[in-house]
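Undergrad: So that we are looking at the same thing, I have put the structure below in structure tokens.
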Amino acid sequence: MKIIKLHDLYFKPYINKEEISLIVKFLANHVKVDLPKGEVPIFVGILNGCFLFAADFIREYDGDCEVSFVKLASYQGTSTTENVKELVGLNEDLTGRTVIILEDIIDTGNTLQEIYNIFRDKNVKQLKVATLFFKPDVFRKELPIDYIGKSIEDKFIVGYGLDYDGLGRNYPAIYQLTTQPKMKNIVLFGPPGAGKGTQASLLKEKYNLVHISTGDVFRFNIKNETDLGKLAKSYMDEGDLVPDEVTINMLKAEVEKNAEAKGFIFDGFPRTESQAIALNEFLSEKGEQINGMVALEVSEDLLVERLLERGKTSGRTDDTDESKIRNRFNEYNTKTAILKDYYQAQGNYYGVNGVGDIDDITARLASVFDTL
Ligand code: AMP
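Below you can see the structure in the form of structure tokens.
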């Protein structure tokens, strides 16, 4: 999931569709369990925002029910307006019925107040309210809310039915208002020896980006005999990955050192799924994101030869012993290669043929970088 732009504003991923689906299931079950056996409720969705929530909710609701929709326009732009409009569209006779209101979000409670006022003289048997989202920090009423899917902070959200000035309702996940991203952040990906370091050095100049190679940072620490270096050495000598926590903290520190950067080329990071998740969260907190994973695709056999060749001059002990090299590939294939799927699932993976002249490969990479 990437930052999206609607009209003039930017929104970052906030609640993914899997989580939404769990919340909706939980609400539907909870409502059902609380109703007397044989009771046929009428669900009343408050349009427009609730249409996706209501559709998913009633599919999850396991029992007979009726469904109706009413309209009470309540949002204009990003702030809640005080003058809630009148109710449109309720034709059913609700006398003696159990009515359950379905709301997408309750914030100040003004709409909810309006709903209570309207239903007060409809002689219903029971009126309950189920809301997908609730903003406790801005709720100003004493009214009961029977079912709350998730309490969220008071930041403007869009997606899953919710809009900003008409746009955003069709996104399957929830996005939160953020600032315009300023960086171009690229993960340069590929197996050991694919040429990430060489290409990153060329591309960082062309795009004015900061190149962070976690392998280089570890080697620098080993050379300077720091505590981090001593720790990393035991893993690196064997071709094993350094533990995630150590690597993630180090990566964050490197990014913080370059707070003014126009963006980063991450080389050798992330190498595990938890590193990828940590990187996403870390950048998201800054209102930034990974623009794309650009992968150098080269077959393994070619790479072992390349690495042994490099080992003759690189001074890297992990490049000279074939069994250590094989172990690095094993680590890559078991822990790192899956990141292709991770970024691909977000529509954020770009494969580039990594075989050929260095300049040709740089040109291929640049043609992808230009689009990100
Ligand atoms: P590289 O220079 O990218 O080939 O990295 C050399 C070695 O550093 C790897 O074999 C690992 O032992 C360690 N290393 C570099 N980056 C990471 C990372 N993101 N996670 C864990 N270990 C890493």
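Note that the sequence shown covers residues -6 to 365 in this note's numbering. Ideal Cβ placement from N, Cα and C applies to all residues, glycine included. Computed from a predicted model, the values in this text were never measured in an experiment.
Thinking C-beta only, is I258 closer than 8 Å to K197?
TA: Position 204 of the sequence shown holds residue 197. Position 265 of the sequence shown holds residue 258. Yes; because the gap between Cβ atoms is below 8 Å, this pair is in contact.
Undergrad: Since I believe A269 is in contact with L332 (beta carbons under 8 Å), could you give me their beta-carbon distance rounded to a whole number of angstroms?
TA: For the purposes of this step, residue 332 is taken as the residue at position 339 of the sequence shown. For the purposes of this step, residue 269 is taken as the residue at position 276 of the sequence shown. Their Cβ separation, rounded to whole angstroms, is 6 Å, which keeps L332 and A269 in contact under 8 Å.
Undergrad: Comparing C-alpha positions only, which one of N178, V291, G308, I351 sits nearest to K322?
TA: Locating residue 322 in the sequence shown gives position 329, where the first residue counts as 1. Per the sequence presented here, residue 322 reads as Phe, with Lys not at that position. Closest option to F322, Cα to Cα, is V291.
Undergrad: Per DSSP, which one or two residues make a beta bridge with I111?
TA: Walking along the sequence shown from the start, residue 111 turns up at place 118. None, per the DSSP bridge assignment.
Undergrad: Touch check for the stretch 162 to 177 and the stretch 3 to 10: three-plus C-beta pairs under 8 Å?
TA: Touching, yes, given that three or more Cβ pairs across the two stretches are closer than 8 Å.
Undergrad: With a threshold of 7 Å, establish whether the CB of S229 neighbours any heavy atom of ligand 1.
TA: As a first step, residue 229 must be located in the sequence shown, where it is residue number 236. Checking the sequence shown, residue 229 turns out to be Met, not Ser. Yes.
Undergrad: Run the CB neighbour count on N178, radius 10 Å, all protein chains shown included, and call it buried at 16 or more, exposed below.
TA: Within the sequence shown, the letter at position 185 stands for residue 178. Its Cβ being crowded by 16 or more others within 10 Å, N178 is buried.
Undergrad: Select from N326, M176, N214 the residue whose C-alpha is nearest the C-alpha of D233.
TA: Here residue 233 refers to the residue found at position 240 of the sequence shown. The shortest C-alpha separation from D233 is found at N326.
Undergrad: Counting C-beta neighbours from all protein chains within 10 Å, is the total for E324 16 or more, i.e. buried, or is it exposed?
TA: Stepping through the sequence shown from its first residue, residue 324 is reached at position 331. Under this definition E324 is a buried residue.
Undergrad: Between the Cα of K18 and the Cα atoms of T207, I141, D350, which residue gives the shortest distance?
TA: Indexing the sequence shown from 1 puts residue 18 at position 25. The residue with the shortest Cα to Cα distance from K18 is I141.
Undergrad: If contact is defined by three or more beta carbon pairs under 8 Å, each pair taking one atom from either stretch, is the stretch 28 to 46 in contact with the stretch 88 to 101?
TA: Yes, the stretch 88 to 101 touches the stretch 28 to 46.
Undergrad: By the three-class DSSP mapping on this structure, what secondary structure does V77 have?
TA: On the sequence shown, position 84 is the one that residue 77 refers to. The predicted model places V77 with a pLDDT of 47, which falls under 50 and marks its position as unreliable, so this point remains unresolved.
Undergrad: I'd like the list of long-range same chain contacts for A271, defined as Cβ closer than 7 Å, with 5 residues on each side in sequence excluded.
TA: If you number the sequence shown from 1, residue 271 lands on position 278. So the qualifying residues of the chain are I241.
Undergrad: Verify the contact flag: L234, CB atom, against every heavy atom of ligand 1, threshold strictly below 7 Å.
TA: Residue mapping note: residue 234 aligns to position 241 of the sequence shown, counting from 1. Within the cutoff, so yes.
Undergrad: What did DSSP end up calling G261 once you bin it into helix, strand or coil?
TA: Working through the sequence shown from its first residue, we reach residue 261 at position 268. Coil, per DSSP.
Undergrad: With DSSP as the reference, label L2 as helix, strand or coil.
TA: The count along the sequence shown starts at 1 and reaches residue 2 at position 9. Looking at L2 - three-state DSSP - the assignment turns out to be strand.
Undergrad: Can you check DSSP and say which residues form a bridge with F62?
TA: Within the sequence shown, residue 62 is the residue found at index 69, counting from 1. Partner(s): G38.
Undergrad: Got a sec: does ligand 1 put a non-hydrogen atom nearer than 7 Å to the Cβ of P185?
TA: Position 192 of the sequence shown, counted from the start, is the residue given in the question as residue 185. Checking every heavy atom of ligand 1 against the Cβ of P185, one is found closer than 7 Å.
Undergrad: Return the CA-CA distance between V77 and K175, expressed in angstroms with no decimal places.
TA: One-based indexing of the sequence shown puts residue 77 at position 84. One-based indexing of the sequence shown puts residue 175 at position 182. Residue placement at V77 is poorly supported in this model, since its pLDDT is 47, which falls under 50; the coordinates still yield a value, given next. Cα-Cα distance, rounded: 38 Å.
Undergrad: What residues match up with Y343 in a beta bridge as DSSP calls it?
TA: Working through the sequence shown from its first residue, we reach residue 343 at position 350. V287.
Undergrad: Cα-Cα, which of E107, D114, V131, D130 is closest to V122?
TA: As a position in the sequence shown, residue 122 is number 129, starting the count at 1. Nearest of E107, D114, V131, D130 to V122, Cα basis: E107.
Undergrad: Nearest CA to the CA of T88: which residue from S227, A359, L120?
TA: Within the sequence shown, residue 88 is the residue found at index 95, counting from 1. Measuring from the Cα of T88, the nearest candidate turns out to be L120.
Undergrad: Using a Cβ-based criterion (distance less than 7 Å to any ligand heavy atom), does Q192 qualify as near ligand 1?
TA: As a first step, residue 192 must be located in the sequence shown, where it is residue number 199. No - ligand 1 has no heavy atom lying nearer than 7 Å to the Cβ of Q192.
Undergrad: Please report the distance separating the alpha-carbon of R264 from that of G208.
TA: In the sequence shown, counting from the first residue as 1, residue 264 sits at position 271. In the sequence shown, counting from the first residue as 1, residue 208 sits at position 215. Roughly 11 Å separates the two Cα atoms.
Undergrad: Output yes or no for whether 8 Å exceeds the beta carbon distance between L45 and L160.
TA: On the sequence shown, residue 45 is found 52 positions in, with the first residue counted as 1. On the sequence shown, residue 160 is found 167 positions in, with the first residue counted as 1. No; because the gap between Cβ atoms is not below 8 Å, this pair is not in contact.
Undergrad: Taking the C-alpha atoms as reference points, what is the distance between A356 and D350?
TA: Position 363 of the sequence shown, counted from the start, is the residue given in the question as residue 356. Position 357 of the sequence shown, counted from the start, is the residue given in the question as residue 350. So the alpha carbons of these two residues sit roughly 10 Å apart.
Undergrad: I'd like the span of the beta strand (DSSP E) that includes I318, first residue to last.
TA: Counting from one through the sequence shown, the residue named residue 318 turns up at place 325. First-last for I318: 315 to 324, but that is the alpha helix (DSSP H), not the beta strand (DSSP E).
Undergrad: Cβ atoms of D260 and A193: under 8 Å apart, would you say?
TA: One-based indexing of the sequence shown puts residue 193 at position 200. One-based indexing of the sequence shown puts residue 260 at position 267. Yes, the pair counts as a contact, with Cβ atoms nearer than the cut-off.
Undergrad: Exposed or buried, D352, counting other C-beta atoms within 10 Å across all chains shown (16 or more means buried)?
TA: Translated into the one-based positions of the sequence shown, residue 352 becomes position 359. Its Cβ having fewer than 16 others within 10 Å, D352 is exposed.
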